[in-house]
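*Asks:* The structure under discussion is supplied below as structure tokens; questions concerning it will follow.
Numbering (this note's numbering), first residue to last: 1124 to 1805.
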């Protein structure tokens, strides 16, 4: 059962970060083939071992889109570390009798019930679905309306705002102006403008793309199917005025049987499955002598649960077998365990009757599965074993690690005080800006503004802005932080310094911003720093400290258990699971998704394991390039490019590597109109 594999993978990912911290450093080499067999031991401990086959099988259970990173050497070691931790946790859980713990037993029993029901359904229903050719042909002949290829119509289209505009648009079309140009000028619908006046795939199914439901317009289109490439309109419907031209038309046709066999099977399978389930239900009801009290069902109120108080002990489902007796209270308990979305589904659907049916058929299948010894069948299934293992691991991890963690209030308070800068919004200032059309006009306005500022006449200052500023509605720019960025303008170190190096009330000279705006401004106020309270930050700080303690405790418990069970790991026996092509693809994909550290890790794997002068050559260059361009680590990039040239004296990429070195060191020169200009280093 795949969900349990996902749960195990989740537990694995929880452990990975810690495993990286405690993993032993080892020289990783590719051994001869005899040491690479599936039965080679990678980990051994008291009473057990993990082989290469076990590791490969575990990686195969990881979602395919994540497997690549775990097939590298480092990735396999991470998975192996987690598997080793799981094995010693299971041994400790056995010693502590975790499987017999009441809470764990309840979870395992619930999982076991689900497995039994699913296996029973599979064997008695879904595996018995047989779709004969006769069944498929009969379904095809009985449901011809389902297998129709609707017409496909493409039109040029304009929807003017009124009749006058429609006639103007028509006149321009008749003059030979393109549909795109006329649509762009006259269409009220911006979506249609975006389509350049072309609507495709009109299927006469009640909905016109870009317009919506308009049966009248659809009928007009249908009535003109023979008038290909002719201007139709203007016509008016409830969605407005329309001018159109049919440019392409494929007629409606009935699909052939051979075309739709897969579709028939897809439609017919659930119908057949439902029929088999209904037959099974009737058979089991008779077998277990079940009675459904419809008169009680009709009285149950799912919308207001409190209205069922007097019915709680009444039997809805009755049978000689006690496990098949359901009271109203039991039905409501099942309903209350559903998600709000599921509850709405039942309330709006068939209501309580559907809930009762669901509980009945599941209970019947479970009881019959027990009677037919299905337990022996599921015990042999890997998914069932993994489900039990997950619940046990989850509980032992909780007991040994999670439950031992305490985060005292004084630690939270100390962390808050130490990191209070992180919880503080810095001071900001507000400025009033005048945007000038020309420097001369701005200086003239500033003189008047300065006089009013001396007089403290806020009203007249605002009038100057309203009358003479190019952007009077953008005069107040608040939340200016001391970070080299001017809110409302963008990066501008000089402007930002003027805001912060001068007192409140300061009036600047007229100047040109980095963006090219001609401005002057005054500083109107300063907003003090805002510090978030301990009460606000306490939940977040608690989470941070808890995570740190969990990490530390997991490392401690891991080391203790490894020592207790004499666990030994042999990472030098790991083999690379990826071809060079796969590694390059993974590196490219990671770089595209801006996971540059992952990409560099893949390049490192190529450099280490494919030192053939070609693959490692390309990987070495790409690694240095990413560090230079994306990670902005100039010093490291220069060292890597120089090492690249020393290691590979010749090659297609050497000139590019030298170019990168010159650029990063600021030694590159460009020739611009016979002038040599050095490129400055950032």
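Quick reminder that beta carbons are idealized off the backbone N, C-alpha and C, glycines included. Nothing here was measured: the structure is a model prediction, and the numbers come from that model.
Excluding the 5 residues preceding and the 5 following residue 1692 in the sequence, name in chain order all residues of the same chain whose CB lies nearer than 8 Å to its CB.
*Replies:* Result list for residue 1692: 1147, 1165, 1166, 1203, 1204, 1207, in chain order.
*Asks:* For residue 1149 and residue 1483, what's the separation of their Cα atoms in angstroms?
*Replies:* For residue 1149, the predicted structure reports a pLDDT of 32, less than 50, and the residue's modelled location is therefore unreliable. A value from the coordinates is still provided. One C-alpha to the other measures close to 58 Å.
*Asks:* Note down, in chain order, each residue of its chain lying with its Cβ closer than 7 Å to the Cβ of residue 1703, except the 5 sequence neighbours on either side.
*Replies:* The residues are 1729, 1733, 1738.
*Asks:* With a cut-off of 8 Å on the beta carbons, I'd call residue 1450 and residue 1435 a contact; round off their distance for me.
*Replies:* Confirmed, about 7 Å.
*Asks:* Less than 8 Å between the beta carbons of residue 1673 and residue 1524, yes or no?
*Replies:* Yes, these two residues count as a Cβ contact at 8 Å.
*Asks:* Counting beta carbon pairs with one atom in the segment 1247-1266 and one in the segment 1324-1344, are three or more of them shorter than 8 Å?
*Replies:* No, the segment 1324-1344 does not touch the segment 1247-1266.
*Asks:* Just mark residue 1427 as buried or exposed, buried being the case when its beta carbon has 16 or more other beta carbons within 10 Å.
*Replies:* Residue 1427 is exposed by the Cβ-count criterion.
*Asks:* Where does residue 1486 sit, in a helix, a strand or coil, going by DSSP?
*Replies:* Correct three-state label for residue 1486: helix.
*Asks:* Whole-angstrom Cβ separation of residue 1224 and residue 1518, contact assumed at under 8 Å?
*Replies:* 6 Å between Cβ atoms; contact.
*Asks:* I need the straight-line Cα distance from residue 1814 to residue 1613, nearest angstrom please.
*Replies:* No information on residue 1814 is available, as it lies outside the stretch 1124 to 1805 that the chain covers here.
*Asks:* Answer yes if the segment 1412-1420 comes into contact with the segment 1258-1278, meaning at least three C-beta pairs across the two stretches below 8 Å, and no otherwise.
*Replies:* With the cut-off at 8 Å, the segment 1258-1278 and the segment 1412-1420 do not touch.
*Asks:* Look up residue 1555 in the DSSP assignment and say whether it is helix, strand or coil.
*Replies:* Residue 1555: strand per DSSP, three-state reduction.
*Asks:* Starting from residue 1698, trace the beta strand (DSSP E) both ways and give me its first and last residue.
*Replies:* Looking at the DSSP string, residue 1698 is not in any beta strand (DSSP E), and its letter there is neither H nor E.
*Asks:* Looking only at its chain, what residues have a beta carbon closer than 6 Å to the beta carbon of residue 1601, apart from the 5 residues adjacent to it on each side?
*Replies:* Correct list, in chain order: 1553.
*Asks:* I need the boundaries of the beta strand (DSSP E) containing residue 1649, first residue and last residue.
*Replies:* 1641-1650 is the extent of the beta strand (DSSP E) around residue 1649.
*Asks:* Cβ of residue 1316 within 8 Å of Cβ of residue 1310?
*Replies:* Yes, the Cβ-Cβ distance between residue 1316 and residue 1310 is below 8 Å.
*Asks:* Specify whether the segment 1654-1669 and the segment 1682-1699 touch according to this definition: at least 3 beta carbon pairs, one from each stretch, less than 8 Å apart.
*Replies:* Flag = no, the segment 1654-1669 and the segment 1682-1699 do not touch.
*Asks:* For residue 1339, count neighbouring Cβ atoms within 10 angstroms of its own Cβ and tell me buried if that reaches 16, exposed if not.
*Replies:* Residue 1339 comes out exposed.
*Asks:* How big is the Cα-Cα spacing for residue 1151 and residue 1200?
*Replies:* Any reading at residue 1151 is ruled out, since the residue's pLDDT is 35, under 50, leaving its predicted position unreliable.
*Asks:* Residue 1475: buried (16+ other C-beta within 10 angstroms of its C-beta) or exposed?
*Replies:* Buried, because 16 or more other Cβ atoms sit within 10 Å of the Cβ of residue 1475.
*Asks:* Quickly, what does DSSP pair residue 1279 with across the bridge? List them, please.
*Replies:* Paired residue(s): 1321, 1368.
*Asks:* Which stretch, first to last residue, makes up the beta strand (DSSP E) that contains residue 1356?
*Replies:* Looking at the DSSP string, the run of the beta strand (DSSP E) that includes residue 1356 is 1354-1360.
*Asks:* On the DSSP bridge list, what partners appear for residue 1614?
*Replies:* Residue 1614 is bridged to 1608.
*Asks:* CA-CA distance, residue 1593 and residue 1352?
*Replies:* Going from the Cα of residue 1593 to the Cα of residue 1352 covers about 50 Å.
*Asks:* Go to residue 1167, then tell me how far its beta strand (DSSP E) extends in each direction, as first and last residue.
*Replies:* From DSSP, the beta strand (DSSP E) with residue 1167 extends over 1164-1168.
*Asks:* Name the DSSP beta bridge partners of residue 1600, please?
*Replies:* BP columns for residue 1600 point to 1554.
*Asks:* Skipping 5 residues on each side, what residues in its chain have a beta carbon closer than 6 Å to that of residue 1713?
*Replies:* 1721, 1722, listed in sequence order.
*Asks:* Pull up the distance between the alpha-carbon of residue 1789 and that of residue 1767, whole angstroms please.
*Replies:* The alpha-carbon atoms of residue 1789 and residue 1767 are separated by roughly 19 Å.
*Asks:* Cβ of residue 1539 within 8 Å of Cβ of residue 1242?
*Replies:* Contact: no.
*Asks:* I want to know whether the segment 1558-1573 touches the segment 1524-1538 - three or more CB-CB distances under 8 Å.
*Replies:* The answer is no - the segment 1524-1538 does not touch the segment 1558-1573, with fewer than three Cβ pairs under 8 Å.
*Asks:* DSSP on residue 1272, reduced to helix/strand/coil?
*Replies:* Residue 1272 falls in the strand class under three-state DSSP.
*Asks:* Would you report the Cα separation of residue 1581 and residue 1467, rounded to the nearest angstrom?
*Replies:* Straight-line Cα distance between these residues: approximately 59 Å.
*Asks:* Residue 1578 and residue 1645: beta carbons closer than 8 Å?
*Replies:* Cβ atoms of residue 1578 and residue 1645: not closer than 8 Å.
*Asks:* Taking three-plus beta-carbon pairs below 8 Å as touching, is the segment 1181-1200 in contact with the segment 1221-1235?
*Replies:* Contact fails: fewer than three Cβ-Cβ distances are below 8 Å.
*Asks:* Using CA coordinates, which residue listed in 1277, 1299, 1677, 1764 is at the minimum distance from residue 1522?
*Replies:* Nearest C-alpha to residue 1522: 1677.
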